[in-house]
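Undergrad:
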Amino acid sequence: MAKSLRVIVGTFFFQFWILFMGLAGYMIYRLIIYREVWNIALFIVTMILQVNYVKSELFIKFQLWFKIMEWFDKREILEVEKPKQNNSMFCFHPHGIYSMGMVHNLYTKNTFFENLVVLSSRFALSIPFSGLLLTLFGLEGVHPENLSKLLKKGSNVGIMVGGFEEATLTKYGENRVYIKERKGFIKYALRYGTTIYPVFTFGENNMFYTYNGFQSLRLWLNKFKLIGTIYWSRFLTIPEPHTDMITVCGKGIELPKNENPSKEEIDKYHEIYIKGLKDLYDTYAPKYAPKVPLQIF
1 MAKSLRVIVG
11 TFFFQFWILF
21 MGLAGYMIYR
31 LIIYREVWNI
41 ALFIVTMILQ
51 VNYVKSELFI
61 KFQLWFKIME
71 WFDKREILEV
81 EKPKQNNSMF
91 CFHPHGIYSM
101 GMVHNLYTKN
111 TFFENLVVLS
121 SRFALSIPFS
131 GLLLTLFGLE
141 GVHPENLSKL
151 LKKGSNVGIM
161 VGGFEEATLT
171 KYGENRVYIK
181 ERKGFIKYAL
191 RYGTTIYPVF
201 TFGENNMFYT
211 YNGFQSLRLW
221 LNKFKLIGTI
231 YWSRFLTIPE
241 PHTDMITVCG
251 KGIELPKNEN
261 PSKEEIDKYH
271 EIYIKGLKDL
281 YDTYAPKYAP
291 KVPLQIF
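What the sequence shown shows, in the UniProt record's numbering, is residues 1 to 297, in sequence order.
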């Protein structure tokens, strides 16, 4: 499928985010190894300045104009039922490398993405330069204070439940989710009586090839917020274009409001969520990922 010039330019523009991440990594390397005063100062000043930036409607319009998701052969957003307009938590899987299904579907009109507040790790938002781009695009921190504030006022939030670990598990041609040890989101949803929606993007893990050795070591590195993924495509850090990106939002799971949920209650709804996610996958996998089972870690 031929790509328009602006889609191609937009996809290359997105690579600046990757470039900035690499630059930040190099700065951290020199900071640790050489203890350069100028590097430490630049790193600190950049992080402080980024704190003062907020969502920019102008930057969002600029980014959306490129229609980056048209880089892929097919892109669809499906809803099993019409999601609620408030007090909802959309839990995305799999993380993949770039989380395209969550981030670049944002602000799509007439879908649950239209008024969604997407949350990212504080670490990702604090990375010099690349974190600034995420902030300008409207992403906010997933830290407890911000999550509580948003749920308390009834916002719709989007989170990547599997985090770094799920990104580390990314493997071309397979669908893996990291959820067994993730229960914090259930605890917060119970506190505010929030409805939870499992969301799965078919094709997210087919954008890149990944190195899959030393998995235990790479998952261990994630505990220290260190990236444990090595990836590539035929176009280096540009996603494979011949990929279908199908994002499906499942049935809502309504949780009761309990400011101090017990461990048993959290475990109960955590199991219900995993079942809901698996049911969603099993319903749509025959069409979008035939003969590819969902692997739950």
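Just so you know, even glycine gets a beta-carbon here, dropped at the ideal spot from N, CA and C.
(1) Taking DSSP's pairing of strands, which residues face residue 61 in a bridge?
(2) Along the chain, where does the beta strand (DSSP E) containing residue 196 start, and where does it finish?
(3) Let's test the definition: count the other Cβ atoms within 10 Å of the Cβ of residue 16 and tell me whether it reaches 16, buried, or not, exposed.
(4) Between 214, 232 and 127, which has its C-alpha nearest residue 28's C-alpha?
(5) Return the chain-ordered list of same chain residues with a C-beta closer than 8 Å to the C-beta of residue 141, the five sequence neighbours on each side being excluded.
(6) Taking its Cβ as the centre, do 16 or more other Cβ atoms sit within 10 Å of residue 295, making it buried, or is it exposed?
(7) From what residue to what residue does the beta strand (DSSP E) around residue 294 run?
(8) According to DSSP, is residue 108 helix, strand or coil?
(9) Hey, residue 164 and residue 225: beta-carbon distance below 8 Å or not?
(10) Taking all protein chains shown into account, do 16 or more other C-beta atoms lie within 10 angstroms of the C-beta of residue 270, making it buried, or fewer, making it exposed?
(11) Pull up the distance between the alpha-carbon of residue 209 and that of residue 202, whole angstroms please.
(12) Starting from the Cα of residue 176, find the closest Cα among 24, 144, 191 and 93 and give me that residue.
(13) Mark residue 218 as exposed unless 16 or more other C-beta atoms lie within 10 angstroms of its C-beta, in which case mark it buried.
(14) Excluding the 5 residues preceding and the 5 following residue 6 in the sequence, name in chain order all residues of the same chain whose CB lies nearer than 6 Å to its CB.
(15) By a C-beta neighbour count over all protein chains shown, 10 Å radius and 16 as the cutoff for buried, is residue 130 buried or exposed?
(16) So, at 8 Å on beta carbons, what are the nonlocal neighbours of residue 162 in its own chain, with the 5 sequence-adjacent residues on each side left out?
(17) Start and end of the beta strand (DSSP E) containing residue 156?
(18) Counting contacts by CB-CB distance shorter than 8 Å, is residue 218 in contact with chain C?
TA: According to the data block:
(1) Residue 61 sits at position 61 when you count from the first residue of the sequence shown. Beta-bridge pairing links residue 61 to no other residue.
(2) Reading the sequence shown from its first residue, position 196 is the one you call residue 196. Residue 196 -> beta strand (DSSP E) spans 195–202.
(3) Within the sequence shown, residue 16 is the residue found at index 16, counting from 1. Exposed.
(4) Position 28 of the sequence shown, counting from 1, holds the residue named residue 28. Ranking the options by Cα distance to residue 28, first place goes to 127.
(5) Stepping through the sequence shown from its first residue, residue 141 is reached at position 141. The answer, listed in chain order, is 119, 120, 121, 122 and 125.
(6) Against the sequence shown, residue 295 aligns to sequence position 295. Residue 295 should be labelled exposed.
(7) Residue mapping note: residue 294 aligns to position 294 of the sequence shown, counting from 1. 294–296 is the span of the beta strand (DSSP E), which, as asked, contains residue 294.
(8) Counting from one through the sequence shown, the residue named residue 108 turns up at place 108. Note: residue 108 maps to coil in three-state DSSP.
(9) If you number the sequence shown from 1, residue 164 lands on position 164. If you number the sequence shown from 1, residue 225 lands on position 225. Yes.
(10) Locating residue 270 in the sequence shown gives position 270, where the first residue counts as 1. It is buried - the Cβ of residue 270 has at least 16 other Cβ atoms within 10 Å.
(11) Taking the sequence shown and counting its residues from 1, the one referred to as residue 209 is at position 209. Taking the sequence shown and counting its residues from 1, the one referred to as residue 202 is at position 202. Roughly 16 Å separates the two Cα atoms.
(12) Along the sequence shown, read from residue 1 onward, the residue named residue 176 stands at position 176. That would be 93, whose Cα lies nearest to the Cα of residue 176.
(13) Here the question's residue 218 lines up with position 218 in the sequence shown. Buried is the call here.
(14) Position 6 of the sequence shown, counted from the start, is the residue given in the question as residue 6. Excluding positions up to five away in sequence, the list reads 66.
(15) Position 130 of the sequence shown, counted from the first residue, corresponds to residue 130. Classification for residue 130: buried.
(16) Translated into the one-based positions of the sequence shown, residue 162 becomes position 162. The answer, listed in chain order, is 93, 94, 95, 169, 177, 178, 179 and 182.
(17) To locate residue 156, count along the sequence shown from 1; it is residue 156. First-last of the beta strand (DSSP E) with residue 156: 156–160.
(18) You won't find chain C in this structure, because it holds only one protein chain.
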